[in-house]
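The structure appears right after this line, and notes come after that.
Residue numbers (my numbering): 322 to 1007.
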């Protein structure tokens, strides 16, 4: 009662109030004040009066300016500014007709949107009861009225949540200080701990209901954006330190909804949300564990957050959940995202993850394995250590058997990743070369054939007789047919080219391919796919393999224009293409003098391009044309090869005359240093 009376006095103050008379009345009627405190009461009332006047004047002055409070959803504005001094008048409007109720609720909402008035509104039980009654009775009659009242409670929820979090934090902070200062005080206070930590406390339920209300409102994305202005994400992350399951479920559900906005996600990163969530796994409460895993799934889309998950030890915890059918699917999705990073692939080898995945693969009764499971396995198969665990025992045999039985392209992709690693695991594929080669035909599904070709192309095993494989399974006509532009999809054609590069390492296979006319087909394909760097690089690699063998080298050098294409590609912008071209041309130059000169000339032009451009573009003025005689100065560079211009060479006196051509042996006997010839013999004629 005393607090209600004080609230009425506080809100009824205005510029015309007689402070002295009011102070005397307060002292007479209120038993809490003695007559000796009259001056202090008067001074306090004077402070409240000045605060209200200044606040009222400021509100009138800033009527059109930006409000101090946070902006919520657009509501039904009225052309009137609410004053805290008139709050009782606004609540009286709730007892009038619908238009007055709408006006009164809109004015109260203006006050509720200002954090300075939160506490005063919450203490007014009569007003809050009136709002609840009007919402219950009249919400169907006016959308404006229901919206305004609804958002009044919405605004007050933030004050309740923030207050509860601060209260909880302050209590345990003080408790910690007391424990350090006086252990006896702790034992004295210990019986009070359940009151603060148990969910049965009254204020905790108010806190919980406020969160539930905001959670329901957050289903509207527009409202969710406005909640960010109240730093609700910071409050929620702070609440993760509590140990009440019901509260944690609510908080984690809230955070999961908030994650869809980038700004909220950044706040979660800043507040180290991963470190707090990792502590909840594993958890005895099934619902909390399930919702936490789903939040981790959302967080795992961010690379930086995946790094933190691994750093804080989430990987083995998730692996342990793979054996539980209730959490297996969602845990596998999070692990799949982690496995996308090459840095973390090897870490799976130090858990029991791979044996569990292999068991799931072999126990799957459907023709097609679950997409999450096989995708996860494909990623893990890209690591050599993981592959060793996969192939232990009859692992590879069981995988091959299932892949060939159901013609599963994704399972074959996993096998293809296994085949790319050098070492003992690659030699295991020798027993399955025939089975894989038998799948290379037009009758099989193209995606499955692509993976089979890719697996065979990875088998760079010296003891493998590729010629026998090509002949027995009649692969040469198939490979040549697919090289024709437009004969198949680019993915399949590319795998065919890679396959040709692999088998070309064998001398007899290279000769077999050359006789079949595959080299001209490759050149034609090079022309058609010259804009695709991957195609160009793989075709050049085929030429690189073939020039090692006498039979195919003669065909490439003498019967095709492949060297000319390679010279054109010497200066390609792609570094890998340039590297393969240089290596191939070096081999060609070693075996053919004519191409060696052309290659040398082209390299000279490239390395001295700036100097050549300067010389070729030099134009002399008419007045300078006969400066050194009556004959015109001929251009330094003619249509011929720059290396055939002996007049550009230097002797001891300058340029050697064109008729004074010298033998290349001259440069073998003398060495050039800084443009001068240095040797043990004197120059002719000196």
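Just so it is clear, CB atoms sit at the ideal spot from N, CA and C, and this is done for glycine as well.
This structure is a prediction, so every number in the text was calculated from the model and none was measured.
- Beyond the five residues adjoining it in sequence on each side, residue 850 comes within less than 6 Å, by CB distance, of 856 in the same chain, given in chain order.
- The C-beta distance from residue 893 to residue 899 rounds to 5 Å, short enough to meet the 8 Å contact threshold.
- Boundaries of the alpha helix (DSSP H) harbouring residue 735: 730-740, taken from the DSSP string.
- Taking the CA atoms as reference points, residue 567 sits about 10 Å from residue 573.
- Closest in C-alpha terms to residue 901, from the list 921, 925 and 860, comes 860.
- With contacts defined by Cβ atoms closer than 8 Å, residue 596 and residue 633 form a contacting pair.
- Distance from the CA of residue 724 to the CA of residue 695, rounded to the nearest whole angstrom, comes to 12 Å.
- Residue 928 counts as exposed, since fewer than 16 other beta carbons sit within 10 angstroms of its beta carbon.
- DSSP, reduced to helix, strand and coil, places residue 785 outside both helices and strands of the structure shown, so it counts as coil.
- If you look at residue 608, you'll find it in the alpha helix (DSSP H) that goes 607-620.
- When C-alpha distances from residue 674 are compared across 641, 693, 453 and 645, the shortest belongs to 641.
- Of the residues assessed, residue 351 falls on the exposed side of the cut-off, its CB having fewer than 16 other CB atoms within 10 angstroms.
- Between the beta-carbon of residue 667 and that of residue 704 there is about 5 Å, and that keeps the pair under the 8 Å contact cut.
- Residue 665 holds the alpha-carbon nearest to the alpha-carbon of residue 625 among 665, 606 and 649.
- CA-CA distance, residue 732 to residue 720, rounds to 8 Å.
- Taken through DSSP and simplified to helix, strand or coil, residue 868 comes out as coil.
- Of the residues 792, 752, 760 and 809, the one whose Cα lies closest to the Cα of residue 782 is 752.
- Residue 800 is not a Cβ neighbour of residue 771, given a cutoff of 8 Å.
- Here residue 464 is exposed. Its C-beta has fewer than 16 other C-beta atoms within 10 Å.
- Put simply, the backbone Cα of residue 757 is about 19 Å away from that of residue 689.
- The Cβ neighbour count for residue 882, taken over all protein chains shown within 10 Å, is under 16; the residue is labelled exposed.
- In terms of Cα proximity to residue 806, the closest of 818, 795 and 797 is 818.
- Annotated as proximal: residue 670 and residue 710, with beta-carbon spacing under 8 Å.
- With contacts defined as CB atoms closer than 8 Å, residue 840 and residue 886 fail to qualify as a contacting pair.
- For residue 563, there is no enclosing alpha helix (DSSP H), as DSSP marks it with neither H nor E.
- With distances taken between CA atoms, residue 619 lies nearest to 580 out of 445, 580 and 803.
- The residue among 787, 663, 677 and 803 with its C-alpha nearest the C-alpha of residue 833 is 787.
- If you look at residue 600, you'll find it isn't in any alpha helix (DSSP H); DSSP assigns it neither H nor E.
- Per DSSP, reduced to three states, the secondary structure at residue 704 is coil, with no helix or strand assignment.
- Here residue 765 carries a coil assignment [DSSP, helix/strand/coil].
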